[in-house]
Every structure is written in structure tokens, then in C-alpha cells.
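Read through the structure below, which is laid out as C-alpha cells, and then see the notes.
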Amino acid sequence: MGLIKKKLIIAVPARLESDRLPNKVLKNINGKPMLRRVLDKCSDCKVEAKVIVCTDSEEISNLANSWGVEVLITSKSFSSGSERISSLVNELLSIAWGLEKEIKPTQNILDKTVIINVQADQPFVSPQLIKDIYNEFNNNKLRHEILTPIYLLKEKNIHDPNIVKVVVSSTGNALYFSRSAIPHVRGENPAEWHKFSNYYGHIGIYGFRANILANWGNMPISQLERMERLEQLRLLESGLTIKTLLFAGDVCSIDTYEDLENVNYKIHNNKTIKDYSKN
Numbered sequence: 005m006g007l008i009k010k011k012l013i014i015a016v017p018a019r020l021e022s023d024r025l026p027n028k029v030l031k032n033i034n035g036k037p038m039l040r041r042v043l044d045k046c047s048d049c050k051v052e053a054k055v056i057v058c059t060d061s062e063e064i065s066n067l068a069n070s071w072g073v074e075v076l077i078t079s080k081s082f083s084s085g086s087e088r089i090s091s092l093v094n095e096l097l098s099i100a101w102g103l104e105k106e107i108k109p110t111q112n113i114l115d116k117t118v119i120i121n122v123q124a125d126q127p128f129v130s131p132q133l134i135k136d137i138y139n140e141f142n143n144n145k146l147r148h149e150i151l152t153p154i155y156l157l158k159e160k161n162i163h164d165p166n167i168v169k170v171v172v173s174s175t176g177n178a179l180y181f182s183r184s185a186i187p188h189v190r191g192e193n194p195a196e197w198h199k200f201s202n203y204y205g206h207i208g209i210y211g212f213r214a215n216i217l218a219n220w221g222n223m224p225i226s227q228l229e230r231m232e233r234l235e236q237l238r239l240l241e242s243g244l245t246i247k248t249l250l251f252a253g254d255v256c257s258i259d260t261y262e263d264l265e266n267v268n269y270k271i272h273n274n275k276t277i278k279d280y281s282k283n
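Below is the structure:
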């Protein structure tokens, strides 16, 4: 009999190297390391899931193990979190389905496994958002293989290169991602662009059917990915479709010391963190 129940793996790629904020994922946020906050949120999503840290760092591995979180070790050579996770697909599937590591996963298993990549710099990620992404994959009317959440940008954030922007088709598929403001409004003052179009930001979470990550190594390295330093562009340049999910809740990622100080200030002063990315 074929497999019926789908499996969910929440994979958290974590590394210490970060250009703008070294050792970012271990930075203290109101008495708790950033990574611990991410893992706690993943565990709160109220769906049956395996939460697994994927890291090249012994320090991160030891910490995660001390918190009772399962860890898989990767090489240091990867350029993105999704690439790091893809190198561990067989091990992740073995853990989720209770398989021997030497057994190659069947297509049935690949089709029925959802792997959600939650980046380790999302300390206030919504557990409900993770659940919503998984539920989208469980909707039998939808056959998308890649899903990522987006949110409506505030006027002041449209031109911030630290915030990844996305242009979306009328059917909700991502057309392009960029650190630049897109779409460009020709002939108009950039300060006025918000009057002509909605601008959407990208939340650093990806939902994959496992077969996409299993085939990651067959996708050529993307020139667009190299230029923008955005892993999702490899998928688009390879001809794959990325479905977007509009998220109306709070959004927060920490990229700089300014972001970190801002979040700690707000927590310390009992202020609400709304669009934590740049408020």
C-alpha cells in the first residue's frame, strides 16, 4: 500500500559567518540566543514535524544538542541555506520516515515530504505562518512544489537593499526577486513610486516538496543568484515556479547591528514589534 500521510521537516540552516553581523545566529535577544528563539517558534507551529538544525559549526551543534534539538553536520562550502539543506536530503528523509540511511528514498516519499527552510535569523517567525505553508502543500487542489511567503512593504522600506523585494504575477507566482526596488517606475521620483504600485517584501522561509531539494545539485549555479546573492533566483532561472503566500502578520529578520539593537530596545521597553525588519 502506498504512503498516505505526508511528513513535515522543518530544517533550520545555521552558520556563524555573516558579512554584516558576524555570529549573528548566536546574538543575544533579551537573554536568549537568536537561534534558540527560532527553534522555539518552529516547535510552536502545532503540526507534527521534525525540527532539525543543519550547520557546519561545532559550536552551534553543541548548543542545539544541549537544547534537545537534533543536528546534522554539513560542509562549510555551501553558498545558501537551501543548498546546505539539499546536501542532507537523504539523512533528513531517513529521520522523518525511519529509513535506513543507505536506502534511496522512493518518489512516493519525495512527493509526500515537505521540507520547510526556516532561516536562523528569523527569531520572531510566526508559528502560524509555518503551519499555513504546510497546509498549502496539503491542499490537493494545489500542485506547487515551492512556496514562499511575502508581505506588503511600507513606503519607507521600498528602497532598502537589506530587504528583498519580489514581483508577483496575477496568479501569485513570483516573477523575480531583487534587493533593488521592483518594479521600477520610469520617469517618476523614486520617493513617489509607492503611489503607482504595491511593493512586496520576501520573508526568508521556503517550503519545498522534497524532490526539489533532492535535485538541487542538478540545477546550474545561477548568474542572477551570484549577482543578487539570492538563492531563490537559481530556482527561477532553472525554469521552476515559486508560489507566493501573502502574509498579513508581523515580519522580522535581523541583518545588521542596528536591527539587533532596535529589537532589544523594543523588548526591553515593552514595545510591540511590528514590521521588526526596519521599524
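Position in the sequence shown (from 1) plus 4 gives the number in my numbering. Here a beta-carbon is modelled for each residue, glycine too, at the ideal position from N, C-alpha and C. Please read all numbers here as calculations on a predicted model, not as lab measurements.
| Item | Value |
| --- | --- |
| Go to I64, then tell me how far its alpha helix (DSSP H) extends in each direction, as first and last residue. | E62 to S70 |
| Between the C-alpha atoms of E21 and I271, what's the straight-line distance to the nearest angstrom? | 26 Å |
| Using a Cβ-Cβ cut-off of 8 Å (strictly less than) and excluding sequence neighbours within five positions of G6, which residues of its own chain qualify? | Annotation note: pLDDT 45 at G6 (below 50); position unreliable, coordinate value reported separately. Hits under 8 Å: N112. |
| Pick helix, strand or coil for N266, following the three-state DSSP scheme. | helix |
| Figure out for me which residue from N166, Q123 and P17 has the closest Cα to the Cα of V57. | P17 |
| Tell me the DSSP bridge mates of G211? | I120 and L151 |
| In the DSSP output, which residue or residues are listed as bridge partners for C58? | P17 and L76 |
| What three-state label does DSSP hand F141 in the structure shown? | helix |
| Using 10 angstroms around the beta-carbon of G191, count the other beta-carbons present and answer buried if the total reaches 16, otherwise exposed. | exposed |
| Identify whether P127 lies in helix, strand or coil by the three-state DSSP scheme. | coil |
| Tell me, please, whether the segment 228-244 touches the segment 93-100 by the rule of three or more beta-carbon pairs shorter than 8 Å. | no |
| Just list the beta strand (DSSP E) runs in the segment 179-252, keeping only unbroken ones of 3 residues or longer that don't cross its boundaries, in chain order. | 204-206, 209-213 and 247-250 |
| Return the CA-CA distance between R19 and P37, expressed in angstroms with no decimal places. | 13 Å |
| Where does N32 sit, in a helix, a strand or coil, going by DSSP? | strand |
| Out of K10, N27, I13 and K11, which one is the CA nearest neighbour of Y261? | N27 |
| Nearest CA to the CA of Q126: which residue from N273, N274 and V267? | V267 |
| Who pairs with P37 in a beta bridge, going by DSSP? | N32 |
| Flag this pair as touching only if the segment 115-124 and the segment 222-230 have three or more C-beta atom pairs under 8 Å; answer yes or no. | no |
| For L2, which residues of its own chain have a beta-carbon under 7 Å away from its beta-carbon, when the five flanking residues on both sides are left out? | Because residue 2 is not part of the residues shown, which for the chain are 5 to 283, the question remains open. |
| Is the beta carbon of P131 sitting closer than 8 Å to the one on L249? | no |
| Do G205 and L151 have their beta-carbon atoms positioned less than 8 Å apart in this structure? | no |
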